[in-house]
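Asks: The opening residue of the sequence shown carries number 1 in the numbering used here; numbering runs sequentially from there.
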Amino acid sequence: MTALNEKTINITLKVWRQEGPKVKGRLETIPVAGISTHMSFLEMMDVVNEDLSKKGKVPIEFDHDCREGICGCCGAVVNGTAHGPEKGMTLCQLHMRKFKDGDMIVVEPWRSRAFPIIKDLIVDRGALDKIIQAGGYVSVNTGGAPDGNAIPIAQETAETAMDAAACIGCGACVAACPNASAMLFVSAKVSHLALLPQGKPEAAKRVIAMLKTMDTCGFGNCGNHRECEAVCPKQISISHIARLNREYMKAELFSEFK
Ligand code: FES
Numbered sequence: 001m002t003a004l005n006e007k008t009i010n011i012t013l014k015v016w017r018q019e020g021p022k023v024k025g026r027l028e029t030i031p032v033a034g035i036s037t038h039m040s041f042l043e044m045m046d047v048v049n050e051d052l053s054k055k056g057k058v059p060i061e062f063d064h065d066c067r068e069g070i071c072g073c074c075g076a077v078v079n080g081t082a083h084g085p086e087k088g089m090t091l092c093q094l095h096m097r098k099f100k101d102g103d104m105i106v107v108e109p110w111r112s113r114a115f116p117i118i119k120d121l122i123v124d125r126g127a128l129d130k131i132i133q134a135g136g137y138v139s140v141n142t143g144g145a146p147d148g149n150a151i152p153i154a155q156e157t158a159e160t161a162m163d164a165a166a167c168i169g170c171g172a173c174v175a176a177c178p179n180a181s182a183m184l185f186v187s188a189k190v191s192h193l194a195l196l197p198q199g200k201p202e203a204a205k206r207v208i209a210m211l212k213t214m215d216t217c218g219f220g221n222c223g224n225h226r227e228c229e230a231v232c233p234k235q236i237s238i239s240h241i242a243r244l245n246r247e248y249m250k251a252e253l254f255s256e257f258k
């Protein structure tokens, strides 16, 4: 018995296959039959991989962990859009009901000089970790939870900081940007911490170190294309990039860390 509104569709996958970082990749065409529209995109990939394994072929490598839009591990460019056609969600939250019978679906990895391909759809996003290591933390003594609760913070400020903190570091912003810029990612981290009293003592040092690391990792700069904002699964606003620029100018003009 089929579940309510469940349909099955036949699709053709054109998926990026690349055996290793130094090997030339190619798009492989894989016909896929009988996919339930209730499946998530990654469940469809699981079915494809099971079938490839049964035929003695090498399964498609792709990243995933929580499959709930929390960890930021998953990600691929689906039909030209990072995380696929649905706004405000990760690839693992995308469902096959978004596609029609007979569709061709092109699946590619994040493309950026700073994200070298490891295999198939898996890229090395370690550059984002390096940026966090450069300053995406608070190392001063902020006391315990009761101390934090005792500091009054305007609701609007707290909400803006929490909106920025929603960034899961998936890298879709980089994949979508024509300059492969990581500015939306960096701005979310800088904004989140610079807005809160606990993050202010290290704000100048943080923004300079994180932007410097962003540059050395090979990311480009923001050209106001807004592609990052359009694909961000957490819908982080580019207004955080404006705050990042203000924080950077303040740090350059007035701080000892320049
Ligand atoms: S697998 Fe965790 S966000 Fe998609």
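Ideal Cβ placement from N, Cα and C applies to all residues, glycine included.
Leaving out five residues before and five after residue 18 in sequence, what residues of the same chain have Cβ atoms less than 7 Å from its Cβ?
Replies: If we look at residue 18 and ignore the five residues flanking it on each side, its Cβ neighbours are 25, 117, 119 and 120.
Asks: Once the 5 residues before and after residue 45 are set aside, which same chain residues still bring their CB inside 7 Å of it?
Replies: Cβ within range, chain order: 60 and 62.
Asks: Excluding sequence positions up to five away, which residues of its chain have a Cβ less than 7 Å from the Cβ of residue 136?
Replies: Closer than 7 Å at Cβ, skipping near neighbours: 189 and 210.
Asks: Could you give the distance in angstroms between the alpha-carbon of residue 92 and the alpha-carbon of residue 253?
Replies: Using only the alpha carbons, I get a separation of about 43 Å.
Asks: Skipping 5 residues on each side, what residues in its chain have a beta carbon closer than 7 Å to that of residue 70?
Replies: Cβ neighbours of residue 70 beyond the five flanking positions: 168.
Asks: Please classify residue 197: does DSSP put it in a helix, a strand, or coil?
Replies: It is helical.
Asks: If you count every other CB in all the chains shown that lies within 10 Å of the CB of residue 151, and 16 or more means buried, which is it?
Replies: Exposed is the call here.
Asks: Nearest to residue 194 by CA position, among 225, 180 and 250, is which residue?
Replies: Out of 225, 180 and 250, 250 has the C-alpha closest to the C-alpha of residue 194.
Asks: I'd like to confirm something about residue 68: is its beta-carbon nearer than 7 Å to some heavy atom of the ligand SAM, or not?
Replies: The ligand content of the structure shown is limited to the ligand FES, which means the ligand SAM is not among them.
Asks: Taking just the CA atoms, how far does residue 96 sit from residue 179?
Replies: Cα to Cα, residue 179 sits roughly 31 Å from residue 96.
Asks: Taking 7 Å as the cut-off, does the CB of residue 71 come closer than this to any heavy atom belonging to the ligand FES?
Replies: Yes, the ligand FES has a heavy atom inside 7 Å of this Cβ.
Asks: Considering only the beta carbon of each residue, do residue 102 and residue 94 sit closer than 8 Å?
Replies: Not closer than 8 Å, so no.
Asks: Give the DSSP bridge partners of residue 9, in chain order.
Replies: Residue 9 pairs with 35.
Asks: How do the stretch 146-166 and the stretch 213-227 stand: do at least 3 beta-carbon pairs fall below 8 Å, yes or no?
Replies: No, the stretch 146-166 does not touch the stretch 213-227.
Asks: Need the endpoints of the beta strand (DSSP E) that residue 202 sits in, please.
Replies: Residue 202 -> no beta strand (DSSP E), and no H or E assigned at all.
Asks: Does residue 17 come out as helix, strand or coil in the three-state DSSP assignment?
Replies: It is a strand residue.
Asks: Determine the DSSP secondary structure at residue 77, reduced to helix, strand or coil.
Replies: Of the three classes helix, strand and coil, the one that applies to residue 77 here is strand, per DSSP.
Asks: Between which two residues does the alpha helix (DSSP H) containing residue 44 stretch?
Replies: Looking at the DSSP string, the run of the alpha helix (DSSP H) that includes residue 44 is 41-54.
Asks: Quick one: residues in its chain with C-beta nearer than 6 Å to the C-beta of residue 52, no 5 flanking neighbours on either side, listed in chain order?
Replies: For residue 52, where only same-chain residues beyond five positions count, the Cβ hits under 6 Å are 59.
Asks: Taking the C-alpha atoms as reference points, what is the distance between residue 114 and residue 186?
Replies: C-alpha separation (whole angstroms): 14 Å.
Asks: Mind checking whether the beta-carbon of residue 120 lies closer than 7 Å to any heavy atom of the ligand FES?
Replies: Because no heavy atom of the ligand FES lies under 7 Å away, the Cβ of residue 120 does not count as near it: no.
Asks: Return the residue from the list 233, 239 and 244 that minimises the CA-CA distance to residue 76.
Replies: With distances taken between Cα atoms, residue 76 lies closest to 233.
Asks: What's the gap between the Cα of residue 33 and the Cα of residue 8?
Replies: Distance between the alpha carbons of residue 33 and residue 8 is about 8 Å.
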